[in-house]
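All residue numbers for the sequence shown refer to full-length UniProt numbering, where the first residue is 1 and numbers rise by one. See structure below.
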Amino acid sequence: MKQQIELVKNTPQSMLGEGPMWHPVNNSLYWVNIVGMKLHCYDPLNKYTETLELPSMVGTVVPATGLYEVLLALENGVFGLDKQRQLVKLADYPADELPDNRFNDGKIDPKGRLWVGTMNKEVVDKAGNLYLFEGGKWQVKQAGVTISNGIAWSANAQTMFYIDTSQYQIWAYDYDCDKALIDNKKVVVEIPKELGAPDGMTVDKQGMLWVAHWGGSAVIRWNPDTGERMETIELPVPHVTSCTFGGEALDTLYITTAQEGLNDTELKKFPLSGCLFSVKMDVQGLPANIWR
Numbered sequence: 001m002k003q004q005i006e007l008v009k010n011t012p013q014s015m016l017g018e019g020p021m022w023h024p025v026n027n028s029l030y031w032v033n034i035v036g037m038k039l040h041c042y043d044p045l046n047k048y049t050e051t052l053e054l055p056s057m058v059g060t061v062v063p064a065t066g067l068y069e070v071l072l073a074l075e076n077g078v079f080g081l082d083k084q085r086q087l088v089k090l091a092d093y094p095a096d097e098l099p100d101n102r103f104n105d106g107k108i109d110p111k112g113r114l115w116v117g118t119m120n121k122e123v124v125d126k127a128g129n130l131y132l133f134e135g136g137k138w139q140v141k142q143a144g145v146t147i148s149n150g151i152a153w154s155a156n157a158q159t160m161f162y163i164d165t166s167q168y169q170i171w172a173y174d175y176d177c178d179k180a181l182i183d184n185k186k187v188v189v190e191i192p193k194e195l196g197a198p199d200g201m202t203v204d205k206q207g208m209l210w211v212a213h214w215g216g217s218a219v220i221r222w223n224p225d226t227g228e229r230m231e232t233i234e235l236p237v238p239h240v241t242s243c244t245f246g247g248e249a250l251d252t253l254y255i256t257t258a259q260e261g262l263n264d265t266e267l268k269k270f271p272l273s274g275c276l277f278s279v280k281m282d283v284q285g286l287p288a289n290i291w292r
């Protein structure tokens, strides 16, 4: 059955919309405009979007609790956003990174730790890394990636899935959740280039991976056990960036998109580029892990 794609009203267009996250405490959707240096928060109950201007490019927003509403990975470090909407610096940007690198996608693992990747602003090959941030310190967990992107964990927290967009693959690692160790990397999905480059990713309750395809006008459901393409959600825009399950029952898929990389002719042809979309699903997602 073909799903009904809906444009989420009262939400802004983004040059590079990314990293959607359903906050399990606030019951709101957060996402970022990376190059626009903005954080958006959409309340579906009141159909209202709040926008916060940020001091630099932002790669990641993840849920937090206690002192902070969310954590943000900005160009100069990781910050907590407190209840007064003030940014509190928690860590500097990793010292060993190249000067033209920036944060990209990130997620919180089942134990409440931040994982976040980097990439070069000029997309230099293998210039980025995947980091774990724990105890105020950075640890490189996967070195030499080009465009660090989607991260997800299986429901039993024994597998971590990861995307380096440049490789057109989805990788899986054995995951030791207690020690935050990844091992035994293997390719579980090979993505044909005609489907577009894999970008952001989320996982559903059945263990299937939903992947946004940059240049592919779609979110595709992949089976990590077989590598098989299960389902395709087509979007009316070329550059689909990421997706997440949200709503009270976690049965709405929210999808971010981008205007970046499109010329004037393409923007006229695809005027909804950069918009936020939603799809009512017949499968549920897993709740986002919270930083603690």
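By construction, the Cβ of each residue, glycine as well, lies at the ideal position given by its N, Cα and C atoms.
Going by C-alpha positions, Y48 is about 32 Å away from I163. With a 10 Å radius around the Cβ and a threshold of 16 neighbouring Cβ atoms, A249 comes out exposed. Counting along the chain, D264 sits inside the alpha helix (DSSP H) bounded by residues D264 to K269. Here the alpha carbons of W115 and D109 stand approximately 7 Å from one another. Taken atom to atom, the span from the alpha-carbon of L98 to that of E53 is near 26 Å. I290 and P24 do touch by the CB rule: their CB atoms are close to 7 Å apart, below 8 Å.
Taking C-beta separations shorter than 7 Å and ignoring five residues to either side along the sequence, the partners of L272 in its chain run L7, P236 and V237, following chain order. In this structure, the alpha-carbon of F270 lies about 46 Å from that of D178.
According to the DSSP assignment, A212 belongs to the beta strand (DSSP E) that extends over L209 to W214. Beta-bridge pairing by DSSP links C41 to Y30 and E50. Within the DSSP bridge table, the entry for G80 names L71 and V88 as partners. A straight line joining the alpha-carbon of N46 with that of N129 spans about 39 Å. Taking L67 as reference, the option from S154, A157, Q84 and N33 with the minimal CA-CA separation is Q84.
When the alpha-carbon of A258 is set against those of N26, V32, S28 and Q142, the nearest one is in V32. In this chain, the beta strand (DSSP E) harbouring M21 covers G17 to H23. The beta strand (DSSP E) runs lying completely inside the stretch 134 to 200 and spanning 3 residues or more are 137 to 145, 148 to 153, 159 to 164, 169 to 176 and 181 to 190, given in chain order. Per the coordinates, the alpha-carbon of T159 lies some 14 Å from the alpha-carbon of L286. By the Cβ neighbour-count rule, M230 is exposed, with fewer than 16 other Cβ atoms within 10 Å of its own. When DSSP states are grouped into helix, strand and coil, Y131 belongs to the strand group.
Rounded to the nearest whole angstrom, the CA to CA distance from S242 to V35 is 15 Å. Scanning its chain for C-beta atoms nearer than 7 Å, with the 5 sequence neighbours on each side dropped, one finds around V187 the residues Q169 and W171, in chain order. By the neighbour-count criterion, in which a residue is buried when 16 or more other Cβ atoms sit within 10 angstroms of its Cβ, R102 is buried.
Straight-line spacing of the CA atoms in N184 and A218 works out to 30 Å. For P63, the enclosing beta strand (DSSP E) begins and ends at V58 to P63. According to DSSP, residue pairing for R292 in a beta bridge does not occur. Membership of N10 in any beta strand (DSSP E) is not indicated, and neither H nor E is assigned to it by DSSP.
Taking G80 as the centre and dropping the five residues before and after it, the same chain places the C-beta of A64, L67, Y68, L71, V88 and L90 closer than 7 Å to its C-beta, in chain order. The closest CA to that of T165, considering only D176, A155, W138 and G216, is found on G216.
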